[in-house]
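Numbering (my numbering), first residue to last: 15 to 704.
Quick notes on the structure that follows.
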Amino acid sequence: MFSSPWWPKHLILGFAALLGAAFLLDALFPPPLDRAHVNSVLVTDRLGKPLRAFSAPDGRWRFAVRLEEIDPAFIEALVRVEDKRYWTHNGTDWAGMARAAADSVLAGRIVSGGSTITMQTARMLEPRPRNAGSKLVEIWRANQLERRFTKEEILELYLTLTPYGGNLEGVRAASWSYFGHEADRLSTDEIALLIALPQSPEVRRPDRRPQQAKKARDWVATKLARYGVFPEGEAEEIAALPVPPARLDFPARAWHGAAAALENGPYEDVRSTLDASLQAELERIALTRAISEGAEVQVSAIVVHIPTRAVRALVGSATRERAGGWIDLTNRARSPGSTLKPFIYALAFDDGIASADSRVEDLPRQFAGYQPENFDRMFRGDVRVSDALQHSLNIPAVLMLDRIGAERFSSQLAMVGARPRYSGARGHQAGLALALGGAGLTARELAVLYAALGDGGVAKPLVWRVEEERASYEDPGRRLMSGDSAAEIIRILQGSPSPSGRMPGRLTQDAPQVAFKTGTSYGFRDAWAAAVSGEHALVVWIGRADGAPRTGVTGRDIALPVLFEMADRVAHHLRDDGEARARFTTEPLQKAKGAQRNLSANRPPEILFPPEGAELWAGPVNGRPGRPFVLAGRGEGRLSWFVDGAPTDLDDAGSPVWHPSQPGFYQVTAVDAQGRTSRVRVRVLTENPA
């Protein structure tokens, strides 16, 4: 009786042990992928326009690649030159390696290493000296990659890590640096150069060795034409073209806004909520104003789309060439001046303490040792709450804050994401000075508050990335004030005196209605203007980055004109965000029951048109004689109108009209039934002034 041979069993066991060892080694020593996940990022605007690129943490420019975003013609040409059997082999092209070895023996030197794209990817993930041992490791790593990833994913790794000389890695970085655009659409000469450079990236750098770069590019173009990838005669046309003479700068627009978008999420390519066109306009406006204000002055601004809380533009500083310009000044706490007053009155409306028509005393008063005074150090007696807010009177605002509670007001602000910062000892509590800017807030936090004002009193965090807009739109948020109070505050602020020379929005067909509030901090350190204009909230800050005072400079004088100019640009660029609401109005709030009705009297009428200091055109328009001006105002009862002491005419509808007979300066007077009088001085033009 003969027993079966022993060796087949041992052979099978040995093969199984070898296979098990291979799987164990594969599990214990997976391919190192760290470099593939630490890349540069590109921040674009909401439509995909590039804004700013950020280098990888190691200082290199290396952007992650998605194959669908790379020109297919480049992919076809690359595979044909580097690894024509890429889509069919399993990581190693043994036939190609044998041919490369034979060619090298015949040439007496290494002509080609026979490395596949997968093997080259393994080498870039784990750089090693070029020798036979390293080649074996590359073969092993290539096999690991093929088992873990699809062919498309391996090709993405390759195109992310390919060296292009200096600190450039990957096809996207090279395309940006040499051509100034993404690699999604490439010309034939660009394709040839991008394939030629990685073969000897330092020797062929176009910015340092243009002749070698051109020679290598033309050789690749000839090869691709021979393979039929390029049209016949294309190689000759490419040879007549120069290579890029220098590296280009990566995108560096919206410096602070792009950084903010990147900080609010993963470190990866970001489609921000910013609008590139509006951003450029606001940067121009900010720089122009900063230059006109002096060498040390900075300007910052933020625009927020209210329905989604998406930040549409952010100007952290007017320019990085000035002191403090590298700092994002929208994110630095400053005294907000009087910009918090609308929210004090809104809570008072909610509590039934006051309404827009309540009377409040604007007289000298002490509050537990604190004695505020108005900016102009004058007092106006009894005034309506609406007038106190429109003219930013301090005593009434402090009185309202005293009634609702400073600590409660501070807590309300903090609850919705606008936490006031108090100087002084630890645990310092809110005081009545908060009404006049006695605490620090950032422009971003003010934008949160004014966006809430424009959204029926509901506050939500700002949004920086497009993919987060829908979630923000559906977020119920936190209520800061009632919808009725928010609407009434909007109505009051829309009636505030417009900047000098600016006609009120409600009297102008194409101008946005702007509900605004200005602020000036103690010592003239900060000039503010904040507003709700249509579906957008805007905040503007002007001052010195070091907080030094600028005597006599107020928010109304310098920040408000900038805000109105920016509001015009917002209305122009962001019509798709809600043009229908750009000129919204609100119904008057019903009188609060039990509100203080006599907190005034003797308030003179208010002249709405023409505003103080306005220049009015009375000359012909389109060849037709100028039309008379309709005078507008509000006060107690019917108003009587006079121009330089002479009564004005009435039109068929009974409205006061004035048709100037000649150019010059005029005084327009409005008188109510009680004899109270208001006056403005205007200039009439019939021809362009010299």
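Here a beta-carbon is modelled for each residue, glycine too, at the ideal position from N, C-alpha and C.
This one's a predicted model, so the numbers in the text were calculated from it and none came from an experiment.
To the nearest angstrom, report how far apart ALA327 and THR287 are at their CA atoms. The residue labelled residue 327 in the question sits at position 313 within the sequence shown. The residue labelled residue 287 in the question sits at position 273 within the sequence shown. Distance between the alpha carbons of ALA327 and THR287 is about 8 Å.
With 16 other CB atoms within 10 Å as the buried threshold, where does TRP154 fall? Numbered from its first residue, the sequence shown carries residue 154 at position 140. Flag for TRP154 reads buried.
Hey, does PRO619 have any beta-carbon neighbour from chain D nearer than 9 Å? No chain D appears in the structure shown, which is made up of a single protein chain.
Going by beta-carbon coordinates alone, are ALA485 and ALA449 separated by less than 9 Å? Along the sequence shown, one-based indexing puts residue 485 at 471. Along the sequence shown, one-based indexing puts residue 449 at 435. No, these two residues do not count as a Cβ contact at 9 Å.
On the DSSP bridge assignment, give the partners of ILE506 in chain order. Locating residue 506 in the sequence shown gives position 492, counting from the first residue. The partner list for ILE506 (beta bridge, DSSP) is empty, contrary to what the question assumes.
If we call anything under 9 Å between Cβ atoms a contact, is PRO212 one with TYR192? The sequence position of residue 212 within the sequence shown is 198, counting from 1. The sequence position of residue 192 within the sequence shown is 178, counting from 1. No, Cβ-Cβ distance for PRO212 and TYR192 is not below 9 Å.
Take the Cβ of PRO434 as the centre, count every other Cβ of all protein chains shown within 10 Å, and call the residue buried at 16 or more, exposed below. Numbered from 1 along the sequence shown, position 420 holds the residue referred to as residue 434. Flag for PRO434 reads buried.
Classification of PHE357 by the beta-carbon crowding that lies within 10 angstroms, buried from 16 upward: On the sequence shown, position 343 is the one that residue 357 refers to. Buried, since its Cβ has 16 or more Cβ neighbours within 10 Å.
Three-state secondary structure (DSSP) at GLN213? Position 199 of the sequence shown, counted from the start, is the residue given in the question as residue 213. In this structure, GLN213 counts as helix in the three-state DSSP scheme.
Shortest alpha-carbon distance to ALA544 belongs to which of PHE538, GLY537, VAL397 and ILE556? Numbered from 1 along the sequence shown, position 530 holds the residue referred to as residue 544. For ALA544, the nearest C-alpha among the options comes from ILE556.
Going by beta-carbon coordinates alone, are GLY468 and VAL546 separated by less than 9 Å? In the sequence shown, the residue the question calls residue 468 occupies position 454. In the sequence shown, the residue the question calls residue 546 occupies position 532. Result yes, Cβ atoms of GLY468 and VAL546 sit closer than 9 Å.
Among GLU196, HIS270 and PRO280, which residue has its Cα nearest to the Cα of ASN53? Mapped onto the sequence shown, residue 53 falls at position 39. It is PRO280.
Measure the C-alpha to C-alpha separation of LEU664 and ALA646 and round it to an integer number of angstroms. The sequence position of residue 664 within the sequence shown is 650, counting from 1. The sequence position of residue 646 within the sequence shown is 632, counting from 1. Each residue's alpha carbon lies about 12 Å from the other.
Every unbroken alpha helix (DSSP H) within the stretch 181-243, with a cutoff of 4 residues, ordered by chain: Taken in chain order, the unbroken stretches of alpha helix (DSSP H) that lie wholly in the stretch 181-243 and span 4 residues or more are 185-193, 202-210 and 224-241.
Quick check on this structure: which residue in PHE423, ALA428 and ASN388 has the alpha carbon closest to the alpha carbon of ALA410? Start at 1 with the first residue of the sequence shown, and residue 410 comes out as number 396. Correcting the residue identity first, residue 410 is Pro in this sequence and not Ala. The residue with the shortest Cα to Cα distance from PRO410 is ASN388.
Between the stretch 244-261 and the stretch 451-466, do three or more beta carbon pairs fall short of 8 Å? no
Where DSSP assigns a beta bridge to ALA67, which residues make up the other side? Position 53 of the sequence shown, counted from the first residue, corresponds to residue 67. Per DSSP, LEU56.
Taking 9 Å as the cut-off, decide whether the C-beta atoms of THR132 and ILE168 are in contact. The count along the sequence shown starts at 1 and reaches residue 132 at position 118. The count along the sequence shown starts at 1 and reaches residue 168 at position 154. Cβ atoms of THR132 and ILE168: closer than 9 Å.
Per DSSP, which residues does GLY395 bridge with? Please list them. Numbered from 1 along the sequence shown, position 381 holds the residue referred to as residue 395. The partner list for GLY395 (beta bridge, DSSP) reads ASP376.
Range of the contiguous beta strand (DSSP E) that encloses ARG326: In the sequence shown, the residue the question calls residue 326 occupies position 312. Residues 324-329.
If I follow the unbroken beta strand (DSSP E) through PRO575, where does it start and stop? Residue 575 sits at position 561 when you count from the first residue of the sequence shown. Not the beta strand (DSSP E): PRO575 falls in the alpha helix (DSSP H), residues 574-587.
Chain-order list of residues whose beta-carbon lies under 6 Å from that of ALA260 (same chain, five-residue window excluded): For the purposes of this step, residue 260 is taken as residue 246 along the sequence shown, with counting starting at 1. Excluding residues within five positions, the ones whose Cβ falls inside 6 Å are ASP221.
Do you know how far the Cα of ARG648 is from the Cα of GLY689? Stepping through the sequence shown from its first residue, residue 689 is reached at position 675. Stepping through the sequence shown from its first residue, residue 648 is reached at position 634. Computed Cα separation, rounded: 14 Å.
Reduced DSSP category for ARG595 - H, G, I as helix; E, B as strand; rest coil: Against the sequence shown, residue 595 aligns to sequence position 581. Low per-residue confidence applies at ARG595: pLDDT is 44, beneath 50, and the placement is therefore not dependable, though the value from the model is reported in the following sentence. Reduced to three states, the DSSP call for ARG595 is helix.
Which one or two residues does DSSP pair with TRP710 in a beta bridge? An answer regarding residue 710 cannot be provided, because it is not within the stretch 15 to 704 covered by the chain.
Tell me which same chain residues have a C-beta within less than 7 Å of the C-beta of LEU171, skipping the five on either side of it? For the purposes of this step, residue 171 is taken as residue 157 along the sequence shown, with counting starting at 1. ALA50 and THR135.
If we require 4 or more residues per run, which alpha helix (DSSP H) segments fall completely within the stretch 305-371? 355-365
Please say whether PRO378 and VAL412 have beta carbons closer to each other than 9 Å? Here residue 412 is taken as the residue at index 398 of the sequence shown, counted from 1. Here residue 378 is taken as the residue at index 364 of the sequence shown, counted from 1. The answer is no: Cβ separation not under 9 Å.
Tell me the rounded alpha-carbon separation between PHE656 and VAL696. Within the sequence shown, residue 656 is the residue found at index 642, counting from 1. Within the sequence shown, residue 696 is the residue found at index 682, counting from 1. Rounded to the nearest angstrom, the two C-alpha atoms are 13 Å apart.
Could you check whether ASP658 and GLN681 sit closer than 9 Å to each other, using their CB atoms as the reference points? Along the sequence shown, one-based indexing puts residue 681 at 667. Along the sequence shown, one-based indexing puts residue 658 at 644. Against a cut-off of 9 Å, the Cβ pair of ASP658 and GLN681 comes out as a contact.
Mind checking whether GLY338 and ASP560 have CB atoms under 9 Å apart? One-based indexing of the sequence shown puts residue 338 at position 324. One-based indexing of the sequence shown puts residue 560 at position 546. In this structure, ASP560 lies closer than 9 Å to GLY338 by Cβ.
Kindly indicate which three-state DSSP category THR691 falls into: helix, strand or coil? Within the sequence shown, the letter at position 677 stands for residue 691. Three-state DSSP puts THR691 in a strand.
CA-CA distance, THR106 and LEU61? Position 92 of the sequence shown, counting from 1, holds the residue named residue 106. Position 47 of the sequence shown, counting from 1, holds the residue named residue 61. About 42 Å.
In terms of alpha-carbon separation, which member of ALA206, PRO141 and LYS63 lies closest to PRO45? Indexing the sequence shown from 1 puts residue 45 at position 31. Nearest option by C-alpha distance: PRO141.
Within its chain, find whatever has a CB closer than 7 Å to the CB of ILE506; leave out the 5 residues flanking it on each side and keep chain order. The residue given as residue 506 occupies position 492 in the sequence shown. Around ILE506: ALA370, SER400, LEU403 and GLN404.
Among GLY651, VAL93, HIS550 and LEU653, which has the Cα closest to the Cα of THR322? Translated into positions along the sequence shown, residue 322 becomes position 308. Checking every option, the nearest Cα to that of THR322 belongs to HIS550.
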